[in-house]
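Asks: Per our numbering, the sequence shown starts with residue 1478, numbered consecutively. C-beta: ideal position from N, C-alpha, C; glycine also. Could you have a look at this structure, given as structure tokens, before my questions?
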Amino acid sequence: MDEQPPENEQPSEEQVPPPVPEESAATSPDAGEEDASGKKKKKKKHWVREWSEAFLFAFIAVLIARLFLFEAFSIPSGSMDNTLLAGDYVVVNKLAFGPRMPQTPLSIPFTHQRLWGNVKAYVEWISLPYMRIPGYSDIAHNDVVVFNFPAEDIFPMEGPPEKYPVDKRSHFIKRCVALAGDTFEIRNGEIYINGKNLSNPEQALFRYSVKVDSVIRDPALLRRFGMAKESNRSEFWLYEVTLSPSAADSIRKLKNILAVEAITAEAGSFDQSIFPNTDKFPWNLDQYGPLVIPSEGQTVKLTVDSLPLYKRIIVDYEHNTLQVRGDSIMINGKLADSYTFQMNYYFMMGDNRYNSFDSRIWGFVPEDHIVGRAAFILFSYDKQNGHTRWSRIFDGIH
């Protein structure tokens, strides 16, 4: 018979199993930290990932804003003097006329035509049709507008002529002086729209002759009004200057000034460089038109004589084929004596009226080339004198 141990006898130390320690959540390699409520906290992101995500978000936000809201452009020349000066950085409002959808989407962001040398910043594997999100206003007379230069294949900005996609053409900034459907005319340097005089911008520049009874020796006065040319006519001295009308009035009040008169070319004086570049329209910078600005749905009569006005629209902007056989005009292989426009067009001029490469030379601006309205000057730097123009920063553009 087996011997039984007494009831109150405890097992020996060797018989007691060792306690199993509980593994706390804090020491568990698989568990996250817990907050006071016992819920697991998310693991903190590495700083590299945080900064990468922030940069990506900022990059996308700026890209969207640049495409659809606002974009900054620099002013390279004096064609808009004195409204805009070379070295101004202008913010353009794309919402005003409605943002244009990208037509060449396969492009490197924040570039335009080229990366360096002849390496293009885009490829034309995908080319989208012109589309624009509706804006909150239409283009108005005297709006300052940024647009893609439509005649860059004829007048290249640099290098040999090249036909860029519409949204990759160089950017120009000018004042819109005539809208689609307007009858535009310049008489003695003054603009007329539908027979009514269009007011000049306050800072627009014109050519004047200043007649004085003796040579002007004050260098500050010469610099102020840009009096660089002089000629001696024995009884008086004559200066040719570029001035705003208000500056011309100021000069008239100075001592020794005999006369200040506007300089304009005579009517009928043909300038070959002026659009449409034919003596059938003997126009010049001061005597131009009348010219009807094409509008969508408008039909015009076509003749061999009038064709130079509309040839570029028909072929290059609205992509038709055109042939002229004697007095006959063929459009898309069919005899045509009229044409109906598919888009609206505009006429743009610089405020520096005699030092501006504008519509008087190369013609109409199609609506699909419009980028936006110039809103204000973000920054201004005078490269010639090496200083910032603090007084121009955040100035509105009118």
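Could you check which residue in 1865, 1867, 1828 has the C-alpha nearest to that of residue 1555?
Replies: Of 1865, 1867, 1828, the residue nearest in Cα terms is 1828.
Asks: Note down, in chain order, each residue of its chain lying with its Cβ closer than 8 Å to the Cβ of residue 1770, except the 5 sequence neighbours on either side.
Replies: Hits under 8 Å: 1655, 1656, 1657, 1658, 1659, 1660, 1661, 1822, 1823, 1824, 1841.
Asks: Would residue 1680 and residue 1560 be called neighbours here (beta carbons separated by less than 7 Å)?
Replies: In contact: residue 1680 and residue 1560 (Cβ atoms closer than 7 Å).
Asks: Can you tell me which of the three DSSP states residue 1648 falls into?
Replies: Note: residue 1648 maps to strand in three-state DSSP.
Asks: Excluding the 5 residues flanking residue 1883 on each side, which residues of the same chain have their C-beta closer than 7 Å to its C-beta?
Replies: In the structure displayed, the chain extends from 1478 to 1875; residue 1883 sits before or after that span and is not available.
Asks: Identify, in the order they occur along the chain, each residue of the same chain with its Cβ nearer than 8 Å to the Cβ of residue 1631, setting aside the five sequence neighbours on each side.
Replies: 1638, 1839.
Asks: By Cβ distance below 6 Å, which residues in the same chain neighbour residue 1863 in space, the five residues on each side in sequence not counted?
Replies: Correct list: empty, nothing qualifies.
Asks: What is the C-beta distance between residue 1741 and residue 1666, in whole angstroms, given that I count them as a contact (C-beta under 8 Å)?
Replies: 5 Å between Cβ atoms; contact.
Asks: Looking at the secondary structure, which residues open and close the beta strand (DSSP E) in which residue 1738 lies?
Replies: Element bounds for residue 1738: 1734-1739.
Asks: Report the residue ranges of all alpha helix (DSSP H) runs contained in full by the stretch 1750-1807; include only those spanning at least 4 residues, in chain order.
Replies: For the stretch 1750-1807, whole alpha helix (DSSP H) runs of length 4 or above, ordered along the chain, are 1784-1789.
Asks: Please list, in chain order, all residues of the same chain as residue 1723 whose beta carbon is under 8 Å from its beta carbon, the five residues on each side excluded.
Replies: The answer, listed in chain order, is 1679.
Asks: Quickly, what does DSSP pair residue 1623 with across the bridge? List them, please.
Replies: 1650, 1849.
Asks: Rounded to the nearest angstrom, what separates residue 1579 and residue 1612 at their Cα positions?
Replies: Whole-angstrom Cα-Cα distance: 16 Å.
Asks: Residue 1545 lies in the alpha helix (DSSP H); which residues open and close that run?
Replies: Element bounds for residue 1545: 1524-1545.
Asks: Comparing C-alpha positions only, which one of 1869, 1603, 1848, 1857 sits nearest to residue 1572?
Replies: It is 1848.
Asks: Residue 1437 to residue 1623, Cα distance in whole Å?
Replies: Residue 1437 lies beyond the range of the chain shown here (1478 to 1875); nothing can be said about it.
Asks: Measuring only the C-alpha atoms, how far is residue 1795 from residue 1819?
Replies: Looking at the two C-alpha atoms, the distance is approximately 7 Å.
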